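In the numbering used here, the protein residues as written are 1081 to 2293.
Next up, the structure:
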């Protein structure tokens, strides 16, 4: 049997849609599986149209009796019955005694009926409502307008917050006297915060905070809901009247626009319309305003650090975090002020992280026109709570946390979805530059989102011109900072969504429009893009969705369209499909993104600011880790290099195999690679978009270090082989000298106690011995660099008088520091340039950049020349004037190429001064290197340096000491030199490592080093150092490292350095003791001789010390235990001396801590900005030009730019 009651009621309300459920509804069945019956209630909201129910009056009269109506059903259809029922209901409602027959009621009164349960009867609901009623009573007490309520109870977010936002924006657009203006504005901001503190904590906020703090979870949810209901009720009636007034006034404006003679009245009416619009905005009142007030109270108190007598403002983020975790939307951007309260948002997210942990989230954002159904779509898709009622559109941006179910986590790589809903773009009520506001908002939410939904209302793309350009431009900005968030276009309110042919045409037109907008945006962003796919990966076939309209018919009584939910579900499936391929980001990264994106937008230098702020925390950490990893590799290489160097010097190694070096260092390299993988395991891959480059750089550095060590050791081997003859001669000299000393000492045994006689006799024969031994060897001559330099300059065609004049002036010594090159510069086509003309050109900015070029060329010429000279084997083969000649030729060729494309040239004086400067800078290194060569290769010099040593041996023989004693003394003498070198080298490496790990300036990345360098410059206030830093930052950085090393070792950490040195001395003592024991034990076990003992002793020490001695004159030794004791006795004395060794000896070692640190810290990029000379702070050298980075650019006055016709340096950026 058909349920006539339900069918009749459905017909009464809507003939096309069943409001009440009955057995004949689609999906129904005869069997009652769920319940035996159901009572349903529905609201009816007539819109005042003639088609609405209860309006039709043209029906037959119906008989009544005692207030009851009787209607016959014979020969009447459902339609006839429903029409007569409508008439009866209309008469009842419109009659005077209608309300008496059936008074109006509220749903909550249904609880009076038995068996019916309502929410209002729930104790938690009652407690929540009770707390909300206190707020409602407070707001209604004085019968104030909503706008006045906000001014009285929410003072911090009104004019004060708007004023603060305006001034804060101005901080990023400073001009003129920047420092003073910045200071003044910061003072204004602080004053506003203090006013906010004084005005904060109204009675409304006290009640609201009390409700949030004291009520348990469920009670708190009811409290918030009731508070929202009461607040909505306050503004609903006023909003209706305001909207009606707005419509009337707008009609007047339209009418007056057609009457040109009423212009004054039109202006007045437009002003009134604007005032109504502002009043409409002020009447908007919701929970978001109370939360906004919480945020402003918190920011004000946190900024000023003022205590509050009324509330504990520090607890506000925790309260808000609890709500956000429970799924309550939180305001991300204030739509009224158009500003992001960064301090509040950061603290709120920190509390969320503290409660949940640093969970991974997938950020889904939405963009679209105003009132295009964005919030409704999100609410339908995820069951969210974004405001869509009370006559309000979303303002600003809101975020809501949505937990991923355990079942869904199997397919997804994150724990939460964080949905960001935004206000509509192109809103008519926005004042000022709509496009700028929309650009800012679009870029902000696109930058935050892993996926952005582009919501388009309808099919007509011509109405979407503005939003499409905004969206494409936002994506283009993301591309500029190496971010590629994905997007899905959603067309809502589209009819016939299933028609494939129409959809293909729509997609084609959308693709064409996107490509067109990409070209337009590319012109504005100065970016090379021809089509939308050049900006972002986009598949028009899968990333465009069409959704049916929400309602079937006209609201308010139009039923929902089932096709809408199906379409939205399809969009949701697409989102989840894309999300399954993403790992999302962590909450801490999301917090950083908000801060850096907003700061970047305020600076209006988006790409630069974002690139150097969004990635800064993670990237700096990566660079610091990169420095640690490279140091691990380099320090290991230094240790192996020292060991192999000693083997080569000891004659135990005559070839270095590259495979052997890789094998010896592979363990450390694999540990570094493992550490890299572990470090990245918990890091966001999107942030490390350049990680592959870093990994390759580590591998390149490893190979580079192996190759460097091999080349260096090959040089040592080549040097040893080249001087094998000299080395053999030295051994021959030593053996012959020992033989002669033995013979002479045998003759003078009886005069052993006469020191003067022994000294006289030894001196009398020493010269003849040296002459005899070196008779057939040509001595190494001293060099005269001055004559060679003069000869080379004359060979290049420069007059002696010019050379002499340049030399006497001495200006060549400071040519790289000149601030004025007027004496050198000549304009092409002119013979010369007067100083007045030069300064005129400089005042117009013609030579500021050119001077920077000249200075850079000088520095580069000096560096290249010094590198070329140092690459020559001066220490091993001696000096040759060809080295200077080759450098001079290169400098002159480079100078010719440098000037070939310039509109000016440089005179001869410059060339001479430049060459003399290069010679001057290389002079000390050449002289020192040649001195070392002479010491090692000139036999007379070598023997004279050993005279004191051989006299000691001679005196020992005269005193009757045995060969064991003398050999012990010789060994101790050699061990003394070798131990000193080994201790200093190891101490240098250890100190460099200690400073690299513990010294703040050296234990970070390149940016950190630059920060400490600038601090040092500011502290010393030495202008010349500033000039050096600007012109040659690497030179000043190296000077800074050297100065800090000196300060660390010799002053601030001297005790630590001494302890490191003593430890290394102790280590060497242990090594030598072990070698003595091993050699003696072997000789005694195998009954060996002196040669066996020396070979074993050298073999144990081969990696630690350089040691070489001949056994030819000591073959008579047979008591090796006695020899061991003699050496131990002498070596103990050496160790005591070494323990008191001055740290100054480190300056004479092969390895120096400052040089090790310079190799580690300065092996990076040194490219300078051509406009302001700011240096790239990228830790890696030879990186992509796109990756040049600097934390800030400088005024162009740094490179000498002047204001027109003045000597005042420019301070513009």
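The C-beta atom is built at its ideal place from N, Cα and C for all residues, glycine as well. Just so it is clear, the structure is predicted and the values come from calculations on it, not from any experiment.
Problem set entry | Buried versus exposed, by CB contacts within 10 Å (16 or more), residue 1671 | For the purposes of this step, residue 1671 is taken as the residue at position 591 of the chain shown. By the neighbour-count rule (16 or more Cβ atoms within 10 Å), residue 1671 is buried.
Problem set entry | Three-state secondary structure assigned by DSSP to residue 1178 | Translated into positions along the chain shown, residue 1178 becomes position 98. For residue 1178, the predicted structure reports a pLDDT of 47, less than 50, and the residue's modelled location is therefore unreliable. The matter cannot be settled from this model.
Exercise. Short check: CB of residue 1479 to CB of residue 1458, under 8 Å?
Worked result: The residue you call residue 1479 lines up with position 399 of the chain shown. The residue you call residue 1458 lines up with position 378 of the chain shown. Result no, Cβ atoms of residue 1479 and residue 1458 do not sit closer than 8 Å.
Exercise. Across which residues does DSSP place residue 1277 in a beta bridge pair?
Worked result: Along the chain shown, read from residue 1 onward, the residue named residue 1277 stands at position 197. According to DSSP, residue 1277 bridges with nothing at all.
Exercise. What span of residues does the beta strand (DSSP E) with residue 2285 cover, start to end?
Worked result: By one-based count along the chain shown, residue 2285 stands at place 1205. From DSSP, residue 2285 is part of no beta strand (DSSP E); its letter is neither H nor E.
For this session: Leaving out five residues on either side along the sequence, give the residues of the same chain with a beta carbon under 7 Å from the beta carbon of residue 1777.
Result: For this step, residue 1777 is matched to residue 697 along the chain shown. Answer for residue 1777: 2260, listed in chain order.
Exercise. So, does the CB of residue 1726 fall closer than 8 Å to a CB anywhere in chain C?
Worked result: Judged by its chain identifiers, the structure shown contains no chain C, having just a single protein chain.
Exercise. For the 8 Å Cβ check, are there 3 or more pairs between the region 1221–1237 and the region 1277–1290?
Worked result: yes
For this session: Grab me the residues of residue 1712's own chain with a C-beta within less than 8 Å of its C-beta, minus the 5 sequence neighbours each way, in chain order.
Result: For this step, residue 1712 is matched to residue 632 along the chain shown. Excluding residues within five positions, the ones whose Cβ falls inside 8 Å are 1748, 1751 and 1752.
For this session: Leaving aside the five residues before and after residue 2287 along the sequence, list all residues of the same chain whose C-beta is less than 6 Å from its C-beta, in chain order.
Result: One-based indexing of the chain shown puts residue 2287 at position 1207. Once the five neighbours on either side are set aside, residue 2287 has no close Cβ partner at all.
Problem set entry | Neighbour-count burial assignment, residue 1851, 16 or more Cβ in a 10 Å radius | As a working mapping, residue 1851 is identified with position 771 in the chain shown. Counting Cβ neighbours within 10 Å, residue 1851 comes out exposed, since fewer than 16 surround it.
For this session: Compute the Euclidean distance between the alpha carbons of residue 2252 and residue 1416, then round it to the nearest angstrom.
Result: Reading the chain shown from its first residue, position 1172 is the one you call residue 2252. Reading the chain shown from its first residue, position 336 is the one you call residue 1416. Taking the straight line from one Cα to the other gives about 39 Å.
Exercise. Since residue 2207 is in the alpha helix (DSSP H), which residue starts that stretch and which ends it?
Worked result: Residue mapping note: residue 2207 aligns to position 1127 of the chain shown, counting from 1. Unbroken alpha helix (DSSP H) run through residue 2207: 2200–2219.
For this session: Kindly confirm or deny that the region 2160–2170 and the region 2103–2122 touch, where touching means at least three C-beta pairs closer than 8 Å.
Result: no
Exercise. Is residue 1535 helix, strand or coil when you go by DSSP?
Worked result: Here residue 1535 refers to the residue found at position 455 when the chain shown is read from its first residue. DSSP places residue 1535 in strand when its eight states are reduced to three.
Problem set entry | Own chain residues within Cβ distance below 6 Å of residue 2196, not counting five before or after | Translated into the one-based positions of the chain shown, residue 2196 becomes position 1116. Counting only Cβ-Cβ distances below 6 Å, and skipping sequence neighbours, we find 2043.
Problem set entry | For residue 1992, the three-state DSSP class (helix, strand or coil) | Start at 1 with the first residue of the chain shown, and residue 1992 comes out as number 912. Residue 1992 falls in the helix class under three-state DSSP.
Exercise. Whose CA, out of 2046, 2269 and 1376, lies closest to the CA of residue 2202?
Worked result: Stepping through the chain shown from its first residue, residue 2202 is reached at position 1122. Per the Cα distances, 2046.
Problem set entry | Contacts around residue 1611, its chain only, beta-carbon distance under 6 Å, and the 5 residues preceding and following it disregarded | Here the question's residue 1611 lines up with position 531 in the chain shown. For residue 1611, where only same-chain residues beyond five positions count, the Cβ hits under 6 Å are 1595 and 1598.
Exercise. Can you give the Cα-Cα distance for residue 1291 and residue 1211, rounded to whole angstroms?
Worked result: On the chain shown, residue 1291 is found 211 positions in, with the first residue counted as 1. On the chain shown, residue 1211 is found 131 positions in, with the first residue counted as 1. Going by the C-alpha atoms only, they are around 6 Å apart.
For this session: In the DSSP assignment, find the unbroken alpha helix (DSSP H) run with residue 2035 in it and report its ends.
Result: For the purposes of this step, residue 2035 is taken as the residue at position 955 of the chain shown. Residue 2035 -> alpha helix (DSSP H) spans 2027–2038.
Problem set entry | Integer Cβ distance of residue 2296 from residue 2246, believed to fall under 8 Å | Because the chain in this structure spans residues 1081 to 2293, residue 2296 falls outside the shown range and cannot be described.
Exercise. Can you name, in chain order, every residue of its own chain whose Cβ lies under 7 Å from the Cβ of residue 1614, other than the five neighbours on each side?
Worked result: For the purposes of this step, residue 1614 is identified with residue 534 of the chain shown, where counting begins at 1. Here the set comprises 1598.
Exercise. Is the distance from the Cβ of residue 1785 to the Cβ of residue 1703 below 8 Å?
Worked result: In the chain shown, residue 1785 corresponds to position 705, counting from 1. In the chain shown, residue 1703 corresponds to position 623, counting from 1. Taking 8 Å as the Cβ cut-off, residue 1785 and residue 1703 do not qualify as a contacting pair.
For this session: Please name the residue, chosen from 1279, 1297 and 2013, that lies closest to residue 1205 on a Cα-to-Cα basis.
Result: Here residue 1205 refers to the residue found at position 125 when the chain shown is read from its first residue. Among 1279, 1297 and 2013, the Cα nearest to that of residue 1205 is on 1297.
For this session: Along the beta strand (DSSP E) that carries residue 1411, what are the first and last residues, could you check?
Result: On the chain shown, position 331 is the one that residue 1411 refers to. Per DSSP, residue 1411 belongs to the beta strand (DSSP E) from 1410–1414.
Problem set entry | Nearest to residue 2294 (by Cα), restricted to the options 2152, 1647 and 1371 | Given a span of 1081 to 2293 for the chain in the structure shown, any question on residue 2294 remains unanswerable.
Exercise. DSSP state of residue 2265, grouped into three classes?
Worked result: Reading the chain shown from its first residue, position 1185 is the one you call residue 2265. Residue state, collapsed to three classes: helix.
Problem set entry | Validate contact between the region 1858–1876 and the region 1959–1978 using beta carbons, cut 8 Å, 3 pairs | yes
Exercise. Name the DSSP beta bridge partners of residue 1905, please?
Worked result: For the purposes of this step, residue 1905 is taken as residue 825 along the chain shown, with counting starting at 1. The partner list for residue 1905 (beta bridge, DSSP) reads 1986.
Exercise. Just curious, the beta strand (DSSP E) that residue 1568 is in, first and last residue?
Worked result: Within the chain shown, the letter at position 488 stands for residue 1568. Taken as a continuous stretch (DSSP letters only), the beta strand (DSSP E) holding residue 1568 covers 1566–1572.
For this session: Locate the beta strand (DSSP E) running through residue 1477, then write down its first and last residues.
Result: Here residue 1477 is taken as the residue at index 397 of the chain shown, counted from 1. Note, residue 1477: beta strand (DSSP E), 1476–1483.
Exercise. Buried or exposed: residue 2239, going by 16 or more other Cβ atoms within 10 Å of its Cβ?
Worked result: Position 1159 of the chain shown, counting from 1, holds the residue named residue 2239. Exposed, since its Cβ has fewer than 16 Cβ neighbours within 10 Å.
Exercise. First and last residue of the beta strand (DSSP E) that includes residue 2059?
Worked result: Here the question's residue 2059 lines up with position 979 in the chain shown. No beta strand (DSSP E) holds residue 2059; the alpha helix (DSSP H) holding it covers 2043–2078.
Exercise. For residue 1790, which residues from the same chain have a beta carbon less than 7 Å from its beta carbon, with the 5 sequence-adjacent residues on both sides left out?
Worked result: The residue labelled residue 1790 in the question sits at position 710 within the chain shown. 1736, 1738 and 1741, listed in sequence order.
Problem set entry | Helix, strand or coil at residue 2251 according to DSSP, with G and I counted as helix | Here residue 2251 is taken as the residue at index 1171 of the chain shown, counted from 1. DSSP places residue 2251 in coil when its eight states are reduced to three.
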